[in-house]
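Residue numbers (the numbering used here), protein chains in the order written: chain A, 1466 to 1654; chain B, 1466 to 1654.
Just so it is clear, CB atoms sit at the ideal spot from N, CA and C, and this is done for glycine as well.
All remarks here apply to the structure that follows.
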DNA sequence: ATCACTTTTTGCCAAATGACAAATTATTTT
DNA sequence: AAAATAATTTGTCATTTGGCAAAAAGTGAT
């Protein structure tokens, strides 16, 4: 929990009373490897913060292939934002790809917090923008580069992820086939 | 000008007095084809809204190749945000790739407006988030697809741009070479 | 209409990647 | 340890794309 509070405080101030309020509403969710935090077709009902583990966001394209959009690891917000905010069914799966511990808030509690704590929505907005910006930077690195360069920059961006997740997920994130990635790795090491 | 006001009002309310204040500070900037709205190495000093024309955002990569990050067309905000907000030198060029008319605000005026008009910063924040989200969606389409698919989705996203800008810019945006794009087009049409 | 210049298309070959299947290696279960 | 399962690597060949240079088409000025 401490991590989450510290994380929030990076983006704005909260007094002890406000912090306590947040703590009171928080619950811990444990997910086993391969379990879902939220699923395509369903409305996202939780706002979370990962304290342990890795989540990946994926969907199925026209051809039925599983595509990994991105990864979220420790000390980051995890929420299917569009679905959560607008109460619409999501088009993506948020799946644990290792055992995870996540601090979660129900939608009701979270909205209550946003309404009660002045400045919290400001903090959240900043967090969201920052996350989006990071996403843009990451995606940019994936365009225009060849497989090898993509893989190298992936390793820079997620240095502590490479060895914790299956190769196939990395490949679908990088937009190349698993075999290609395997060959690329052979050439690098 | 009307377009800009309408644009802002999509994201929040402003009364007539506030609108007049904004109008009073606005200036019209005309850029000829190939001129720069802001340049790499310099601090961005203007916040703009394109009423006519197309701007592209580009930079030079390690190899000295010119890379197009994205295009901005009519009825969209144009600003080198990171540089403008933090007063740091930018790493990108914002270049007119057709004659442009842009409504602009100096940094000083814009900050004054943000301080004076309650709710404007909220509106701006919403605009920025939306733009970032669009960027993510666009970039996602560029990863994982082959050249042909990229080009097709580019045409969907910028239907009125394809015939107005040089092929080489489109190619560098799509992350493929100009020759490849030329061949791809031949196969499609 | 001609010339100069820019943009786009082609041709050629090398390199990278995809598709599919089989083999190998790791991991888990019994 | 052996068997079963999953993950990764490798082989083979077709396709796509890159790199480079030349040709063709388009544009603008005189």
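query	result
For the beta strand (DSSP E) containing residue 1513 of chain B, name the first residue and the last one.	1511–1517
Can you list the residues of chain B that residue 1640 of chain A reaches, using a CB-CB cut of under 8 Å?	1608, 1609 and 1610
Taking Cβ to Cβ, would you say residue 1514 of chain B is nearer than 8 Å to residue 1472 of chain B?	yes
With distances taken between CB atoms, is the gap from residue 1535 of chain B to residue 1591 of chain B smaller than 8 Å?	no
In the structure shown, what three-state DSSP assignment does residue 1468 of chain B receive?	helix
If you draw a straight line from the alpha carbon of residue 1507 of chain B to that of residue 1577 of chain B, how long is it in whole angstroms?	22 Å
Residue 1561 of chain B by DSSP, collapsed to three states: which one?	strand
For chain A, is any of its Cβ atoms less than 8 Å away from the one on residue 1590 of chain B?	yes
Using a Cβ-Cβ cutoff of less than 7 Å, which residues in the same chain neighbour residue 1642 of chain A once the five nearest sequence positions on both sides are dropped?	1636
Taking the straight line between their C-alpha atoms, what separation do you get for residue 1548 of chain B and residue 1555 of chain B?	5 Å
Return the bridge partner residues of residue 1492 of chain A from the DSSP annotation.	A:1569
Answer yes or no: does any C-beta atom of chain B fall closer than 8 Å to that of residue 1618 of chain A?	no
Under the three-state reduction of DSSP, which class applies to residue 1534 of chain A: helix, strand or coil?	strand
Which of the three DSSP states, helix, strand or coil, is assigned to residue 1652 of chain A?	helix
Look at residue 1561 of chain A and residue 1612 of chain A and say whether their C-beta atoms are less than 8 Å apart.	no
Just the chain A side, please: which residues come within less than 7 Å of residue 1532 of chain B by C-beta, in chain order?	1609
Less than 8 Å between the CB atoms is what I'm expecting for residue 1618 of chain B and residue 1604 of chain A, so what's the real figure, rounded?	Not really, about 14 Å apart at Cβ, beyond 8 Å.
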